[in-house]
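In the order they appear, the protein sequences are chains A and B. Note that our numbering gives residue 174 to position 174 of the first sequence, counting from 1, and the numbers run on in steps of one. Add 1000 to a position in the second sequence, counting from 1, and you land on the number used in our numbering.
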Amino acid sequence: MRAAMWSFFHKLGSPPWLYRIAGNLLNWLLPLSVLALVTGLAWGLLFTAPDFRQGNSYRIIYIHVPAAVVALAGYYVMALAGAISLIWKMKMADIAMKATAPVGAALTFIALVTGAIWGKPTWGTWWVWDARITSMLILLFLYLGVIALYEAYDNKAAASRACAVLSLVGTVNIPIIYKSVDWWYSLHQPASIKFTGDSSIDPSMLYPLLLSIVAFYGLFTCALLGNMRAEILARETRTGWVRRLAGGEA
Amino acid sequence: MYFDSLEALLAMEGHGPYVWAAYGITLLVLALLLSAPGRRRRRLLREVRGELRREAAHGSKEAVHAPGS
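Printed below as a string of structure tokens:
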């Protein structure tokens, strides 16, 4: 058991192995996630009744909430990868951290833009500086900050340390985002889905929403794996296996 | 299906432009996000392939200087 575990960790540190396994995983996870997304969105757009107060604009929930949920979860992935690369100097953790940042930034961007579009017909304004929206904007800057910081260093080891520290420090923002709608009076409505107690959302609206959240998690994983594969290639262009791979695909 | 016609679906009782704009932007960003790694990977492999071809062209000379590399 122990030996099997160590051999797994050993393989995890092997770039060609991770490159191949991630590729195999993508082959079925990507079509599955796209299918879940199309089903969830079509369900939410076409087959649910409008919200009794907001009307049809509420249908933005099926992209807004999944994007925001996964953007937050993605930050944990990035900070955890940062911690592992900082403590154990594991190269693959560094690659994972670097690969997460653009995915998280894109999802945060989606959450902010769809939120603004939703706000216009619902609150009468595109933007308010309330706690939830402002802390989400800070999340976007943290993701963009990690991307920019990576580019700012010539020394790769220094860049990876600085990015890991930034992503760890930024985790203080995460509970603030979660709790912002409870701590501060806000235009933003509180969470409708609760793990403990009754959700305040009708099941007919909840199921397509949950499916869409699952789809966004799947797509997040796909983009992360894809970015890791590309990053592995970029760092290994001098090695025999990449040269054989390039030669074979000619 | 909730909507009676395609027009009703597109208009969404006045909320159509908001809903469709939000979905359009989201799908566009997701498509870019998911296609970017593949494009980068193919570019990198193309570059390595070009290098291999250049090396093959000067192969005999380099082999003398750097055996086994």
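Just so it is clear, CB atoms sit at the ideal spot from N, CA and C, and this is done for glycine as well.
- In the pairwise beta carbon analysis, the stretch 103-111 of chain A is classified as touching the stretch 129-149 of chain A: at least three pairs are separated by under 8 Å.
- Of the residues assessed, residue 1024 of chain B falls on the exposed side of the cut-off, its CB having fewer than 16 other CB atoms within 10 angstroms.
- Here residue 44 of chain A is buried. Its C-beta has 16 or more other C-beta atoms within 10 Å.
- Residue 205 of chain A sits away from residue 39 of chain A, with the two beta carbons spaced by 8 Å or more.
- Each of A/239, A/230 and A/12 was checked against the Cα of residue 90 of chain A, and the nearest Cα belongs to A/12.
- When C-beta distances to chain A are compared with 7 Å, the residues of the stretch 1017-1036 of chain B below that value are 1018, 1019, 1021, 1022, 1023, 1025, 1026, 1029, 1030, 1033 and 1034, in chain order.
- For the stretch 48-61 of chain A, the set of positions with a beta-carbon nearer than 7 Å to some beta-carbon of chain B reads 48, 49, 55, 56, 57, 59 and 60 in chain order.
- Taking each of B/1005, B/1035 and B/1042 in turn and checking the Cα distance to residue 242 of chain A, the smallest one comes out for B/1042.
- The beta-carbon distance between residue 1044 of chain B and residue 230 of chain A, rounded to whole angstroms, is 7 Å. This is short enough to meet the 8 Å contact definition.
- Legend: CB atoms of the stretch 220-232 of chain A lying less than 7 Å from CB atoms of chain B belong to residues 222, 223, 226, 227, 229 and 230.
- The beta-carbon of residue 247 of chain A is placed less than 8 Å from the nearest beta-carbon of chain B.
- DSSP, read as helix, strand or coil, puts residue 51 of chain A in strand.
- For residue 75 of chain A, the enclosing alpha helix (DSSP H) starts and ends at 61-88.
- Three or more Cβ pairs drawn from the stretch 173-190 of chain A and the stretch 123-143 of chain A lie within less than 8 Å of each other, which places the two stretches in contact.
- Within a 10 Å sphere around the beta-carbon of residue 1034 of chain B sit 16 or more other beta-carbons, which makes this residue buried.
- Counted as a single uninterrupted DSSP element, the alpha helix (DSSP H) harbouring residue 94 of chain A occupies residues 91-123.
- For residue 182 of chain A, the enclosing alpha helix (DSSP H) begins and ends at 173-183.
- Of all alpha-carbon atoms in A/232, A/54, A/66 and A/208, the one lying nearest the alpha-carbon of residue 122 of chain A is that of A/54.
- Around the beta carbon of residue 175 of chain A, fewer than 16 other beta carbons lie within 10 angstroms, which makes this residue exposed.
- Between residue 1013 of chain B and chain A, the shortest Cβ-Cβ separation is below 8 Å.
- Close to chain B, meaning a Cβ-Cβ distance shorter than 9 Å, are the following residues of the stretch 101-114 of chain A: 102, 103, 106, 107, 109, 110, 113 and 114.
- For residue 187 of chain A, the closest C-alpha among the options A/115, A/46 and A/160 is that of A/115.
- Taking a beta-carbon distance threshold of 8 Å, residue 1049 of chain B counts as an interface residue toward chain A.
- Distance between residue 36 of chain A and residue 46 of chain A, taken at the CA atoms: about 15 Å.
- Cβ atoms of residue 200 of chain A and residue 97 of chain A stay farther apart than 8 Å, at about 36 Å.
- Taking a C-beta distance under 8 Å as the contact criterion, residue 118 of chain A and residue 1022 of chain B qualify as a contact pair.
- Annotated three-state conformation of residue 151 of chain A is helix, per DSSP.
- Residue 1041 of chain B has a beta carbon lying within less than 8 Å of a beta carbon in chain A.
- The DSSP assignment places no complete run of the beta strand (DSSP E) inside the stretch 211-237 of chain A (cut-off: 3 residues).
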